[in-house]
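A.B. asks: So the sequence shown is residues 559 to 712, counted in our numbering.
For each residue, glycine too, the CB sits at the ideal point set by N, CA and C.
Small disclaimer: the values here were computed from a predicted structure and weren't measured.
One structure is given below, represented as structure tokens, and several questions about it will come after.
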Amino acid sequence: MTRVTSATSIMCSSVCLWALYFKDSAYRRHVLELRKHYTLLVPETCLIEVAYPIYRAKGLNELKKYAVFLRYLPLGKNIKILPLSHEALAKALILTTDYPEYFVDEEGNLNIYDAILVAIWEKMKIPFATSDTKLIKYGKTHKLDYILLRKAHN
Numbered sequence: 559m560t561r562v563t564s565a566t567s568i569m570c571s572s573v574c575l576w577a578l579y580f581k582d583s584a585y586r587r588h589v590l591e592l593r594k595h596y597t598l599l600v601p602e603t604c605l606i607e608v609a610y611p612i613y614r615a616k617g618l619n620e621l622k623k624y625a626v627f628l629r630y631l632p633l634g635k636n637i638k639i640l641p642l643s644h645e646a647l648a649k650a651l652i653l654t655t656d657y658p659e660y661f662v663d664e665e666g667n668l669n670i671y672d673a674i675l676v677a678i679w680e681k682m683k684i685p686f687a688t689s690d691t692k693l694i695k696y697g698k699t700h701k702l703d704y705i706l707l708r709k710a711h712n
């Protein structure tokens, strides 16, 4: 974990959002601990990205519950939603072409969600809370602050 002494806000990954939604998430304890000390900035793209695994894992009924959760999420303590900007999307596409090793997977699929998160991270220059080793490696290479999310030990 990179030191985060002066930040008042941190950017959240999809894993953070998942941990806020699912009470049994292995990362929930750490994310709630972070929320006590920082405002969690949740990029709008994470709201979309998390919908896919929720639907695949639990179906349409769970997706409806997730929609209710999203409706009230901005009212939660120390949580703000970061809208997706045209600028972030354009920057993400440039990042994808400049750094395909981070944003194109082994099968040739574009990881646009990750590229959007990095575009926002680079612009905001605030710590990014994630468990994604590829994004952490990008952050280290580009001198960006991050927080490695920890799983709870049962």
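For the beta strand (DSSP E) containing Phe686, list its first residue and its last residue.
C.D. replies: Phe686 to Thr688 is the span of the beta strand (DSSP E), which, as asked, contains Phe686.
A.B. asks: Do Ile568 and Ile684 count as a contact pair if the criterion is CB distance below 8 Å?
C.D. replies: Result yes, Cβ atoms of Ile684 and Ile568 sit closer than 8 Å.
A.B. asks: Can you tell me whether DSSP reads Leu707 as helix, strand or coil?
C.D. replies: In this structure, Leu707 counts as coil in the three-state DSSP scheme.
A.B. asks: Can you tell me which of the three DSSP states Pro601 falls into?
C.D. replies: In the structure shown, Pro601 sits in a strand (DSSP, three-state: E or B).
A.B. asks: Using the beta-carbon count (16 or more within 10 Å), is Val589 buried or exposed?
C.D. replies: Counting Cβ neighbours within 10 Å, Val589 comes out buried, since at least 16 surround it.
A.B. asks: Helix or strand or just coil, what does DSSP make of Val562?
C.D. replies: Only weak support is given to the placement of Val562: the predicted model assigns it a pLDDT of 47, under 50, and the value that follows is read from those uncertain coordinates. Residue state, collapsed to three classes: coil.
A.B. asks: Rounded to a whole number of angstroms, what is the C-alpha to C-alpha distance between Ala687 and His595?
C.D. replies: Taking the straight line from one Cα to the other gives about 13 Å.
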